[in-house]
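Chains as they are written, first to last, in this note's numbering: chain A, 110 to 252; chain B, 110 to 252. Where a beta carbon is used, it is the ideal one built from N, C-alpha and C, also for glycine.
There are 2 protein chains.
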Amino acid sequence: MKISSRFTVAVHILSLVSIERDTRLTSEFIAESVNTNAVVIRRVMGKLKNAGLIEIYRGQGGVELRKPLDQITLLEIYQAVDVVEEGELFQFHQNPNPNCQVGANIQDVLELILLKAQNAMESVLNEVTLEELVTVLSKKIGS
Amino acid sequence: MKISSRFTVAVHILSLVSIERDTRLTSEFIAESVNTNAVVIRRVMGKLKNAGLIEIYRGQGGVELRKPLDQITLLEIYQAVDVVEEGELFQFHQNPNPNCQVGANIQDVLELILLKAQNAMESVLNEVTLEELVTVLSKKIGS
DNA sequence: CTCCGTTGTAATCATTATAGTTACATCAAA
DNA sequence: TTTGATGTAACTATAATGATTACAACGGAG
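Now the structure itself:
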């Protein structure tokens, strides 16, 4: 199991938008950088737009960030593209036997722990902003 | 996206084995507690056996833990059932454009962060033993 | 030694998510 | 009005998941 590349693609897109501020980016251009189809890019960008992270210009094309880089966290991007449902990273089996003492109670007990685990992962994403990422990326590109 | 129920089913199985120590558990019995097919249980148990967590008796049936409860962490169970590949919780898009500065460098930068995120999640699993879980579960059953 | 219930595992199937692709209506600027 | 871009539906291929059937192999009870 892997978390959909929609998330890493979204980060790629936003980094591009940030670094190529002077260029008028089209979905076709971005698709070439990511190495996928332009429609895939448009779909991800549609979600980023719905989340209020970017503005997309029809007609002539072009994308703009709607928030300062240091106010966009990786968690926001992750949530924008719907890769993991809230509190449901781990799949439980449906309808365990309520007549079995273990079956009747295991999920409540386990769920507490798994929520904590998911939360720990997402907290890391919440602590990193696009600004930090782009700074490191720019340095890497410059060198 | 959700992490396969193999993991939560495996925890269910091991809890049952621990709590029903006096019973000779068959895959059919366990399947009724989980509410699934006996073959699904046997497949998960096969992985737990390969990981050295349980001993399974053919012929008459029956399962036994091969390690003390306090020496089995949820992380070990998670790894035993192969639900997430090591360091690959997040899917990257394959072959980003090496001629694009962002495409050529974004993955290295992002990977560091995502490994940290995965690690944070798995660390929580590593901090919880079956003993702790079964203790809470038993209390809940007793009350 | 044979019988019987159980495990181990292959094979098949339905369902779902992902990602790619084509097609085309809609839009906005030149 | 033309042109090139976006938005989105529709379809496809691929893969993972979980359920199910079938059956060989095993091992204890009689």
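Asked: Cα-Cα, which of A:211, A:176, A:150 is closest to residue 128 (chain B)?; Found: A:211
Asked: Against chain A, does residue 141 (chain B) count as a neighbour if the rule is that its beta carbon must be under 8 Å from one of theirs?; Found: yes
Asked: Specify whether the stretch 171-189 of chain A and the stretch 120-135 of chain A touch according to this definition: at least 3 beta carbon pairs, one from each stretch, less than 8 Å apart.; Found: yes
Asked: List, in chain order, every chain B residue whose beta-carbon is nearer than 7 Å to that of residue 225 (chain A).; Found: 233
Asked: Give me the chain A residues within the contact set of residue 192 (chain B), using Cβ-Cβ distance strictly less than 8 Å, ordered along the chain.; Found: 110
Asked: I want to verify the contact list: residues of chain B whose CB lies under 9 Å from the CB of residue 154 (chain A), in sequence order.; Found: The premise fails here: residue 154 (chain A) is roughly 15 Å from chain B at the closest Cβ pair, so nothing lies under 9 Å.
Asked: Name the one or two DSSP bridge partners that residue 163 (chain B) has.; Found: B:174
Asked: Residues in the stretch 157-176 of chain B with C-beta within 7 Å of chain A's C-beta atoms, listed in sequence order?; Found: none
Asked: Closer than 8 Å by beta-carbon distance: list the chain B residues that pair up with residue 229 (chain A), in chain order.; Found: 229, 230, 232, 233
Asked: Whether or not the stretch 228-238 of chain B and the stretch 177-186 of chain B are in contact is what I'm after, with contact meaning three or more pairs of Cβ atoms, one per stretch, closer than 8 Å; do they touch?; Found: yes
Asked: With a cut-off of 8 Å, does the C-beta of residue 136 (chain B) fall near any C-beta of chain A?; Found: no
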